[in-house]
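Structure record follows, encoded as structure tokens.
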Amino acid sequence: AQRVTQPEKLLSVFKGAPVELKCNYSYSGSPELFWYVQYSRQRLQLLLRHISRESIKGFTADLNKGETSFHLKKPFAQEEDSAMYYCALTITGFQKLVFGTGTRLLVSP
Amino acid sequence: GAGVSQSPRYKVAKRGQDVALRCDPISGHVSLFWYQQALGQGPEFLTYFQNEAQLDKSGLPSDRFFAERPEGSVSTLKIQRTQQEDSAVYLCASSSGLPGAGYGYTFGSGTRLTVV
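Residue numbers (my numbering), protein chains in the order written: chain A, 20 to 128; chain B, 3 to 118.
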């Protein structure tokens with residue numbers, strides 16, 4: 020079965036510091052990977068998808084099939100980046116997303 | 003509407019009571035999903051509809067859980083004889099396509115169910 024692991028429950032950094040939220044997955048094929056974000060008192064929303072190779076709000080994520088990872092990175096964290104971040108995976112042709120347990124990012128001034 | 007609407011936002015049920023949770027997806031979205039999110043966990047898949055057809059219900063934890071989408075728009079998740087372990091946030095999401103094709107979900111705000 021597919022599995023997504025986010026090893027850090029909490030990541031605390033200072034404003035302007037680089038950020039890397041870790042995500043590892045278990046699946047032997049070619050997955051579709053996503054990052055979702057939930058800001059305080061807001062609904063869960065899509066941040067970015069690996070398939071589109073986009074950069075959203077300064078965040079990027081690269082799929083590393085050798086290491087089965089999809090880490091989320093930002094070179095300079097901002098206070099408004101504080102939120103809960105979930106990594107999610109699906110398989111081409113399938114419907115459901117498998118989510119990790121989430122990492123809370125706290126950016127202090 | 004502009005987004006996915008769920009009601010009620012909060013529900014407190016006595017153990018053994020039946021509950022019904024409603025989801026109104028984005029107009030035109032054919033795919034509708036229900037997820038259960040326990041405290042401190044990520045969302046876990048319950049069931050998936052394509053229009054009115056329930057194509058996957060493999061995540062429903064027991065036969066006390068039932069979902070329907072009779073006209074291919076609004077969906078209802080029903081939980082019969084609620085138990086304390088059913089306490090969670092129930093999330094509805096809709097999409098114009100499938101995640102396997104790279105489409106993202108639009109989530110509702112969720113219904114927080116507390117069984118006492």
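By construction, the Cβ of each residue, glycine as well, lies at the ideal position given by its N, Cα and C atoms.
Query - Proximity of Leu116(A) and Ala102(A) at Cβ, strictly below 8 angstroms - result: no
Query raised in the report: Helix, strand or coil: how does DSSP classify Ser29(B) here?
Result: coil
Query raised in the report: What residue from Glu99(A), Pro128(A), Gln114(A), His90(A) has the CA that sits closest to Glu27(A)'s CA?
Result: His90(A)
Requested in this report: Please list the partners that Tyr105(A) has in chain B, where partner means a Cβ-to-Cβ separation under 7 angstroms.
Outcome: Gly44
Query raised in the report: Looking at the structure shown, is Ser96(B) part of a helix, part of a strand, or coil, going by DSSP?
Result: strand
Query raised in the report: Looking at chain B, which residues of the segment 39–63 of chain A have a Cβ within less than 7 angstroms of any of its Cβ atoms?
Result: Glu51, Phe53, Arg62, Leu63
Report task. Can you pull the chain A residues whose beta carbon is under 8 angstroms from the beta carbon of Gly74(B), in chain order? Result -> Going along chain A, no residue has its Cβ under 8 angstroms from Gly74(B), so there is no contact; the nearest lies around 16 angstroms.
Query raised in the report: What distance in whole Å lies between the Cβ atoms of Tyr107(B) and Leu65(A), which are believed to be in contact at a cut-off of 8 angstroms?
Result: 7 angstroms
Query raised in the report: Can you find a C-beta in chain B that's less than 8 angstroms from the C-beta of Arg72(A)?
Result: no
Query raised in the report: Using a C-beta to C-beta distance shorter than 9 angstroms, which residues of chain B count as neighbours of Thr120(A)?
Result: Gly42, Gln43, Gly44
Query raised in the report: Rounded to a whole number of angstroms, what is the C-alpha to C-alpha distance between Asn43(A) and Gln82(B)?
Result: 36 angstroms
Query raised in the report: Comparing the C-beta of Gln97(A) with each C-beta of chain B, is any distance below 8 angstroms?
Result: no
Report task. With 8 angstroms as the threshold, decide whether the Cβ of Leu116(A) is near any Cβ in chain B. Result -> yes
Requested in this report: Starting from the Cα of Val23(A), find the closest Cα among Pro45(B), Val91(B), Asp26(B), Leu23(B) and give me that residue.
Outcome: Pro45(B)
Requested in this report: Could you work out which residue in Pro94(A), Leu30(A), Gly48(A), Lys76(A) is closest to Leu82(A) when comparing CA atoms only?
Outcome: Gly48(A)
Query raised in the report: Alpha carbon to alpha carbon, how far is Ala36(A) from Thr78(B)?
Result: 45 angstroms
Requested in this report: Have a look at Lys76(A), Gln61(A), Leu29(A), Gly121(A) and flag the residue whose alpha-carbon is nearest the alpha-carbon of Ile100(A).
Outcome: A quick correction: the sequence has Asp, not Ile, at residue 100(A). Of the candidates Lys76(A), Gln61(A), Leu29(A), Gly121(A), the one whose C-alpha sits nearest the C-alpha of Asp100(A) is Lys76(A).
Requested in this report: Give every residue of the same chain whose Cβ lies closer than 7 angstroms to the Cβ of Ala55(B), excluding the five residues on either side of it in the sequence, and list them in chain order.
Outcome: none
Requested in this report: Using the Cα positions of Tyr92(B) and Lys84(A), report the straight-line distance between them to the nearest angstrom.
Outcome: 32 angstroms
Query - Start-to-end residues for the beta strand (DSSP E) that takes in Lys80(B) - result: 77–81
Requested in this report: Pick helix, strand or coil for Ser71(A), following the three-state DSSP scheme.
Outcome: helix
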